[in-house]
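Notes to accompany the following structure.
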Amino acid sequence: MRCFSVALVTALLTSGVANADLVNPSVPTWRGDAGSLYYQWDSFSEAFAAPNFPTAPPFEFGSQVFNFVGGAQIVDGGIYSPGGLNVHVYGEGTPTSEVVLNVTYTSFDPSPTSVEAFVGGFGPGAEGEYFDYASSERTSSVFIGEGLFRVNDAYTFDLSSYEGSDTNWATFFKISGPNTLEGVSIDVQNVVPAPGVLAVLGLAGLAGRRRRG
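Under this note's numbering, residues 401 to 613 are what the sequence shown spells out, in order.
Shown next, in the form of structure tokens:
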């Protein structure tokens, strides 16, 4: 197990290191097309188990970002967590094509442990289907000193095989160790609109759900 000195962990908390912002994201060619969705977070206000609403487009509530690792705190608009990150992005509508997820974060060891997408129901006992990413790209990696790297990872999912009738989607990004989440964006292609408003209260049950084999 790698040990981190107090000085190095403190570096994640300093304003010069942990300035929240999305860095060099992958932008799909279909962004802005009819039927597509786009949301971006350049700062966060809730560190644990509470919704963060997009900074772009402004006043948009169709998607939310959550972190489900306790002990996290907001630092300069980013989510700093000494015990890792478990970042969920939730939205409404049924994706029928691609989803592109960008995650910008600062880390000693920028090696995510799990990245998945989900389409299905959010309530207790609801069904759904998980998807592995079809491709990934590290669009930015900058050494910023004190053993830290600021990176942006982009993941593309193909959800065209989903045949259910649910109108909710989610992505999950997990990484271990001290990290600061700085920015997130998500593009969802060819979405069938949901009939109602995203039910935030049902998300807690999905946070602890395991992928079925």
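Each residue gets a CB set at the ideal place from its N, CA and C atoms; glycine is no exception. Remember, predicted model here, so these are calculated numbers, not experimental data.
Residue interval of the beta strand (DSSP E) (run including residue i)
i, result
"Q440", "437-441"
"Y555", "548-558"
"A420", "Looking at the DSSP string, A420 is not in any beta strand (DSSP E), and its letter there is neither H nor E."
"F619", "Because the chain is modelled from 401 through 613, residue 619 falls outside the range shown and cannot be assessed."
"F453", "Element bounds for F453: n/a, residue is neither H nor E."
"S481", "478-481"
"Y530", "528-532"
Alpha-carbon spacing of residue i relative to residue j, whole angstroms
i, j, result
"F459", "S443", "14 Å"
"V475", "E527", "36 Å"
"D621", "G470", "With the chain covering only 401 through 613, there is no way to say anything about residue 621."
"G583", "V503", "6 Å"
"N590", "S514", "25 Å"
"T429", "S561", "21 Å"
"P425", "Y530", "24 Å"
"L693", "A447", "With the chain represented from 401 up to 613, any question about residue 693 goes unanswered, as that position is not in the structure."
"V519", "F508", "32 Å"
"D532", "E546", "33 Å"
"P454", "S445", "11 Å"
"V542", "I575", "18 Å"
"R612", "R550", "For R612, the pLDDT reaches just 43, beneath the cut-off of 50, and the residue's location in the model is therefore unreliable, although a value from the coordinates is still provided. Whole-angstrom Cα-Cα distance: 33 Å."
"L501", "G483", "22 Å"
"T615", "G525", "Outside the shown range of the chain (401 to 613) lies residue 615, about which nothing can therefore be said."
"S511", "E537", "13 Å"
"G564", "A517", "15 Å"
"W569", "Y439", "13 Å"
"A450", "D553", "23 Å"
"L548", "N579", "9 Å"
"G435", "V592", "7 Å"
"F468", "T539", "25 Å"
For residue i, three-class secondary structure by DSSP
i, result
"P495", "strand"
"F543", "strand"
"Q464", "strand"
"V588", "strand"
"V469", "coil"
"L408", "Bear in mind that the predicted position of L408 carries a pLDDT of just 46, short of 50, making it too unreliable to give a figure here."
"G521", "coil"
The ligand COA heavy atom lying under 7 Å from the CB of residue i
i, result
"F531", "Ligands displayed in this structure: none; no statement on the ligand COA is therefore possible."
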